[in-house]
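These notes concern the structure reproduced below.
Number of protein chains: 2
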Amino acid sequence: MDSPTSHDVAKQAGVSVATVSRVLNDAPHVSPAVRRQVLRAIRKLNYQPNRTAQRLRAKQSKVLGLIISDIQNPFFTAVVRGIEDVAHQAGYSLVLCNSDEDPDKEKLYINVMRAEAVAGVILASASEAKPHASDLLAQNIPVVAIDRQIKSRRIDSVLAANEQGACDAVTHLINLGHTCIGYVGLPLTRTPGIERLKGYERALREHKLPVVRARIRIANAKQLGGHDSALDLLVQQPCITALFVANNLMTLGALNAIRERGLEIPRDISVVGFDDVPWATLLQPPLTTIAQPTYELGQKAAARLLERLKNPEQPVVHTHLGTTLIVRGSTSAPRGKENSA
Amino acid sequence: MDSPTSHDVAKQAGVSVATVSRVLNDAPHVSPAVRRQVLRAIRKLNYQPNRTAQRLRAKQSKVLGLIISDIQNPFFTAVVRGIEDVAHQAGYSLVLCNSDEDPDKEKLYINVMRAEAVAGVILASASEAKPHASDLLAQNIPVVAIDRQIKSRRIDSVLAANEQGACDAVTHLINLGHTCIGYVGLPLTRTPGIERLKGYERALREHKLPVVRARIRIANAKQLGGHDSALDLLVQQPCITALFVANNLMTLGALNAIRERGLEIPRDISVVGFDDVPWATLLQPPLTTIAQPTYELGQKAAARLLERLKNPEQPVVHTHLGTTLIVRGSTSAPRGKENSA
DNA sequence: AGCGCGATTGTAAACGATTTCAAACCCCTT
DNA sequence: AAGGGGTTTGAAATCGTTTACAATCGCGCT
């Protein structure tokens, strides 16, 4: 039992397919009587226009592509939800891909987008440097970068204020009296890694504290990377009284590492994470973090893409959304300085 | 700059479009010389076959639809990842929709799937009762139910062993010596809600304990629902020494409620959750839960759908994946019975 | 040499919608 | 009554593939 086509509807209503199409698209020049007739036939057959055919003919689809690194990361989860809500509002569907930060996989998926002839793509690129995305631009498929910048003059972006957020986190620690602050960070191949490190360094410099390379660890953005880096820092740099961890999954690992070392938070060590999570309040002590407006990030990115689809020639827009320092229980003055803050 | 078409390739290679198509589809009867020629042209033009046209012609697409309630639920997050990995392995893309447990939204999205002419749909239905999914079956679009059964003789399903899991959880509590066990559960409109309650009741009956309706609360599957239900139970039913919470988000809320009441886990009250989460070990005490094989659930569902696409006539298959009781620190013998277990 | 038969290639018709163009029609004016 | 303007309708082309069918080619066999 195949789907009915516009021909079936036309036959049923005793008109031509052209008329059916006109009714469907609210085109003028259809008499009320015929319109009613056609609508009746549509309802009777439970007819749905075939989007594939529409797409082929119209050369534009109501589908957006979405390439992120991993849907299992709660950050992207919220972003995706924001995108989806805006997209569906506007009648667009979403094709989802996980690149796992692998540039080859990303390239593959970009080609999928091309083949699917999506209207536009929202991309959290695995790498700033190699913009496979330009393949898309070359076919007039607009791209919006999310979470990570892409080196291209023609790509809108929607990012969190990473540097400022990181700076806020570290400033908070400095204000509490910490002077030896460790940093567990992301690879420097993508915007968040680059800018959060900058923020860490800026906060130190603004308070005349030295930036000590040995107190900085870079690892992949997973729980294990956070764990190993934190453990290593705690062992190698015993002066450290506070830790800034640049990513939510890494924070999980870092907290485990701290527990393994038998240290107590915040008495022995203060911890600030980046990106809030629903369970931050359940930890003992609850976690101090820099919250990103994740859902809004997604909304804004989708809105930006839809804007650009409507008006392709407008100038490129870069949006930065502010972060919020949420002080909970995992930060306090370092031991012996309880009154200095 | 439009995408090159098979005509462009044909012209470039000095052959007909039919030959290009044959090369593309590894069809027989193409001389090696011509094949090389065509491949060269394809590479030169960076040609990608237009899937829209392929789809229209072939009347089958390499796209799967996925309708879940909410991607922000960590359970679905893992499920989606499992689906996506299997789907992309087989060359399929994924169209994602969030129904928010709203049957109307679900119906809308099912129509989107129909219009998109997806090859098949994986559906976590908002309701067992109203199978909008039959609209899809009527058009020969196969459906696989995930997490929740659908009342239809023709729909494969992939579910967790909800009843057994719940029974294991409650049995664990009973074995520790608890006799007054509260249940914070999901609505009875969907499989997990129905079966987990069954499991709770079965465990009690198997141990000759009464099933007391007043110790059971049903609420929506969000954090707030869990919080309010748990709080209510703690106040109304002071005999309760253990709580079984049927969903991960509700568990979050329940833990908060317990903290608000100033109770200590597990001394004053034991807690078992359903569905493991990465941060379960970070809680103080770490959370005892029933772990579902979420990622495998997704994998199996996708595999099932691909199987059915390959062979539409095979009999319907219902897959149940086992759960695992993970005992951590949030459960112990009730006060005053420390040695009875 | 002529015939026949694969193997190879091309031509043209689908797929289901939109859209251009022209035909048909209505009603009004002169 | 004929012509003209505007509205309504339909026929046919189009989008980029796949595929049934026809045409061509080359080669071996008699």
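Sequence lines, in order, name chains Y and E.
Counting along the first sequence from 1, when you hit position 83 you're at 74 in the numbering used here, and nothing is skipped either side.
Counting along the second sequence from 1, when you hit position 39 you're at 30 in the numbering used here, and nothing is skipped either side.
Beta carbons are placed, not taken as given, at the ideal position from N, Cα and C, and that holds for glycine.
Below-8 angstroms beta-carbon distance, S220(E) vs any chain Y residue: Walking along the second sequence from the start, residue 220(E) turns up at place 229. No, no contact with chain Y.
Under the three-state DSSP convention, the category T170(E) falls into: As a first step, residue 170(E) must be located in the second sequence, where it is residue number 179. In this structure, T170(E) counts as coil in the three-state DSSP scheme.
C-alpha distance - Q155(Y) paired with A194(Y), whole-angstrom precision: Your numbering for residue 155(Y) matches position 164 in the first sequence. Your numbering for residue 194(Y) matches position 203 in the first sequence. Roughly 9 angstroms between the two C-alpha positions.
Inter-residue Cα distance where the pair is S90(E) and S125(E): Position 99 of the second sequence holds residue 90(E). Position 134 of the second sequence holds residue 125(E). Taking the straight line joining both Cα atoms gives about 17 angstroms.
Simplified DSSP assignment, three categories, for C230(E): Against the second sequence, residue 230(E) aligns to sequence position 239. Here C230(E) sits in coil by DSSP.
Cβ neighbours of E251(E) in the same chain (closer than 8 angstroms, five flanking residues each side left out): Translated into positions along the second sequence, residue 251(E) becomes position 260. Cβ within range, chain order: L222.
Neighbour flag for N102(Y) against chain E, beta carbons, 8 angstroms: Within the first sequence, the letter at position 111 stands for residue 102(Y). So yes, N102(Y) belongs to the interface.
Rounded Cβ spacing between I281(Y) and D138(Y) (contact assumed at less than 8 angstroms): Start at 1 with the first residue of the first sequence, and residue 281(Y) comes out as number 290. Start at 1 with the first residue of the first sequence, and residue 138(Y) comes out as number 147. Their Cβ separation, rounded to whole angstroms, is 14 angstroms, which puts I281(Y) and D138(Y) out of contact at 8 angstroms.
Spatially closest choice to D147(Y) from N153(Y), V134(Y), A157(Y), by CA coordinates: In the first sequence, counting from the first residue as 1, residue 147(Y) sits at position 156. For D147(Y), the nearest C-alpha among the options comes from V134(Y).
Range covered by the alpha helix (DSSP H) that runs through V263(E): To locate residue 263(E), count along the second sequence from 1; it is residue 272. Segment 261 to 265 is the beta strand (DSSP E) holding V263(E); no alpha helix (DSSP H) there.
Start and end residues, alpha helix (DSSP H) containing K125(Y): For the purposes of this step, residue 125(Y) is taken as the residue at position 134 of the first sequence. In the sequence as displayed, the identity of residue 125(Y) is Ser instead of Lys. From DSSP, the alpha helix (DSSP H) with S125(Y) extends over 124 to 129.
is_contact[E287(E), chain Y] using C-beta, thresh 8 angstroms: Working through the second sequence from its first residue, we reach residue 287(E) at position 296. No, no contact with chain Y.
6 angstroms Cβ shell around T180(E) - same chain, five flanking residues per side excluded: Here residue 180(E) refers to the residue found at position 189 of the second sequence. Excluding sequence neighbours, T180(E) sits near S118.
Start and end residues, alpha helix (DSSP H) containing G56(E): To locate residue 56(E), count along the second sequence from 1; it is residue 65. Careful: G56(E) lies outside any alpha helix (DSSP H), inside the beta strand (DSSP E) at 54 to 59.
Cα-Cα separation, A24(Y) to D17(Y): Position 33 of the first sequence, counted from the start, is the residue given in the question as residue 24(Y). Position 26 of the first sequence, counted from the start, is the residue given in the question as residue 17(Y). Cα-Cα distance, rounded: 14 angstroms.
Inter-residue spacing [alpha-carbon to alpha-carbon] between P122(Y) and R145(Y): In the first sequence, residue 122(Y) corresponds to position 131, counting from 1. In the first sequence, residue 145(Y) corresponds to position 154, counting from 1. Answer to the nearest angstrom: the Cα atoms are 11 angstroms apart.
Below-8 angstroms beta-carbon distance, N41(E) vs any chain Y residue: The residue labelled residue 41(E) in the question sits at position 50 within the second sequence. Yes, N41(E) lies at the interface with chain Y (some Cβ there is under 8 angstroms from its Cβ).
Distance, T314(Y) Cα to G327(Y) Cα: Working through the first sequence from its first residue, we reach residue 327(Y) at position 336. Working through the first sequence from its first residue, we reach residue 314(Y) at position 323. If I take the Cα positions, the gap works out to 31 angstroms.
Residue-level contact to chain E via CB, T68(Y), 8 angstroms cutoff: Taking the first residue of the first sequence as 1, we reach residue 68(Y) at position 77. T68(Y) counts as touching chain E.
Members of the region 175 to 204 of chain Y that neighbour chain E once the beta carbon cut-off is set at 8 angstroms: Cβ contacts with chain E come from no residue of the region 175 to 204 of chain Y.
Residues near E75(E) in its chain [Cβ-Cβ closer than 6 angstroms; skip 5 each side]: Within the second sequence, the letter at position 84 stands for residue 75(E). Closer than 6 angstroms at the Cβ level, and outside the excluded window around E75(E), lie L85.
Straight-line Cα distance separating V226(E) from A294(E): Locating residue 294(E) in the second sequence gives position 303, where the first residue counts as 1. Locating residue 226(E) in the second sequence gives position 235, where the first residue counts as 1. Each residue's alpha carbon lies about 47 angstroms from the other.
Identity of the residue in H20(Y), A210(Y), N37(Y) nearest V0(Y) by Cα: To locate residue 0(Y), count along the first sequence from 1; it is residue 9. Among H20(Y), A210(Y), N37(Y), the Cα nearest to that of V0(Y) belongs to N37(Y).
Interface residues of chain Y facing Q80(E) [CB-CB closer than 8 angstroms]: As a position in the second sequence, residue 80(E) is number 89, starting the count at 1. Under the 8 angstroms cutoff, chain Y gives no residues; its nearest Cβ is about 12 angstroms from Q80(E).
Within 9 angstroms of chain Y by C-beta, residues of the region 233 to 248 of chain E in sequence order: L240, L243, L246, N247
Rounded C-alpha distance that separates I209(Y) from G217(Y): Along the first sequence, read from residue 1 onward, the residue named residue 209(Y) stands at position 218. Along the first sequence, read from residue 1 onward, the residue named residue 217(Y) stands at position 226. Cα to Cα, I209(Y) sits roughly 9 angstroms from G217(Y).
I113(Y) versus V307(Y): straight-line alpha-carbon distance, rounded: Here residue 113(Y) is taken as the residue at index 122 of the first sequence, counted from 1. Here residue 307(Y) is taken as the residue at index 316 of the first sequence, counted from 1. So the two alpha carbons sit approximately 15 angstroms from each other.
According to DSSP, residues forming a beta bridge with L316(Y): The residue labelled residue 316(Y) in the question sits at position 325 within the first sequence. Bridge partners of L316(Y): I281(Y).
Chain E contact for I209(Y) (CB, 8 angstroms cutoff): Working through the first sequence from its first residue, we reach residue 209(Y) at position 218. No, because no Cβ of chain E sits closer than 8 angstroms to the Cβ of I209(Y).
Where the beta strand (DSSP E) through R206(Y) begins and ends: Against the first sequence, residue 206(Y) aligns to sequence position 215. Looking at the DSSP string, R206(Y) is not in any beta strand (DSSP E), and its letter there is neither H nor E.
Minimum Cβ-Cβ distance from L274(E) to chain Y less than 8 angstroms: The residue you call residue 274(E) lines up with position 283 of the second sequence. L274(E) counts as touching chain Y.
Neighbour flag for S143(Y) against chain E, beta carbons, 8 angstroms: As a first step, residue 143(Y) must be located in the first sequence, where it is residue number 152. Taking Cβ atoms only, chain E never reaches closer than 8 angstroms to S143(Y), which makes this a no.
Alpha-carbon spacing of D153(Y) relative to L215(Y), whole angstroms: Against the first sequence, residue 153(Y) aligns to sequence position 162. Against the first sequence, residue 215(Y) aligns to sequence position 224. For clarity, residue 153(Y) is Asn in the given sequence; the question names Asp instead. If I take the Cα positions, the gap works out to 22 angstroms.
Contact set between N153(E) and chain Y, taken where Cβ atoms lie within less than 9 angstroms: For this step, residue 153(E) is matched to residue 162 along the second sequence. Neighbours of N153(E) on chain Y: none; closest Cβ ~22 angstroms, over 9 angstroms.
Range covered by the beta strand (DSSP E) that runs through L30(Y): For the purposes of this step, residue 30(Y) is taken as the residue at position 39 of the first sequence. Segment 23 to 36 is the alpha helix (DSSP H) holding L30(Y); no beta strand (DSSP E) there.
Classification of V318(Y) by the beta-carbon crowding that lies within 10 angstroms, buried from 16 upward: On the first sequence, residue 318(Y) is found 327 positions in, with the first residue counted as 1. V318(Y) comes out exposed.
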